[in-house]
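Numbering (my numbering), first residue to last: 17 to 188.
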């Protein structure tokens with residue numbers, strides 16, 4: 017872990033912040049998480065892995081799309097080492113996604129791009145999860161801000177959020 021990280025205990029998290037929503041959602045779901053605020057950016061998977069001192073495959077990228085069938089936002093949790101192959105996902109799972117406006121992401125999830133957490137959204141959101149994240153005992157996801165991450169057991173996270181596990185790319 018980075019020497020410039022601050023562990024965000026409940027007394028350090030500002031009331032009304034996006035980070036407090038993440039902490040409360042974790043508590044309410046029975047998830048054991050550890051939130052770290054970094055002095056460096058964690059906006060990209062590479063930056064987050066460097067800051068957390070973990071392998072890039074342990075980073076959870078949060079990708080928000082508009083589901084073209086429902087017109088609602090869907091969240092895809094993808095390993096930092098993968099790019100989501102939208103054509104493969106569409107063909108394999110019958111899902112159709114389009115990019116969505118960053119303002120809509122903030123308005124509906126309560127998080128800015130680069131800080132979208134897998135929990136604590138303002139509105140319900142359907143979540144799909146890269147099944148390779150379950151290969152790890154611990155993963156790191158955005159904690160509601162572009163400079164903050166939290167660690168969590170990926171199996172516990174998947175269970176708590178009721179995600180659908182998917183392959184985000186064709187088998188090699």
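Where a beta carbon is used, it is the ideal one built from N, C-alpha and C, also for glycine.
This structure is a prediction, so every number in the text was calculated from the model and none was measured.
Integer Cβ distance of residue i from residue j, believed to fall under 8 Å
i, j, result
"residue 142", "residue 183", "Not confirmed; about 17 Å, so no contact."
"residue 227", "residue 95", "A question about residue 227 goes unanswered here, because the residues of the chain that appear run from 17 up to 188."
"residue 179", "residue 93", "7 Å"
"residue 80", "residue 121", "5 Å"
"residue 131", "residue 34", "7 Å"
Inter-residue Cα distance where the pair is residue i and residue j
i, j, result
"residue 89", "residue 49", "25 Å"
"residue 43", "residue 36", "10 Å"
"residue 55", "residue 158", "14 Å"
"residue 86", "residue 150", "28 Å"
"residue 75", "residue 61", "6 Å"
"residue 181", "residue 29", "31 Å"
"residue 134", "residue 91", "8 Å"
"residue 126", "residue 163", "16 Å"
"residue 101", "residue 160", "25 Å"
"residue 31", "residue 23", "16 Å"
"residue 140", "residue 124", "9 Å"
"residue 187", "residue 53", "35 Å"
"residue 26", "residue 97", "31 Å"
"residue 82", "residue 154", "29 Å"
"residue 59", "residue 107", "30 Å"
"residue 156", "residue 69", "10 Å"
Residues bridged to residue i (per DSSP)
i, result
"residue 77", "94"
"residue 146", "182"
"residue 51", "166"
"residue 113", "83"
Check whether residue i and residue j have beta carbons under 8 Å apart
i, j, result
"residue 136", "residue 67", "no"
"residue 47", "residue 174", "no"
"residue 51", "residue 39", "yes"
"residue 185", "residue 109", "no"
beta-carbon residue i near the ligand GDP non-hydrogen atom, thresh 7 Å
i, result
"residue 121", "Inclusion of the ligand GDP in the displayed structure is not the case, the ligand content being empty and no account of it being possible."
### At least three beta-carbon pairs within less than 8 Å, the region 112 to 119 to the region 163 to 182
no
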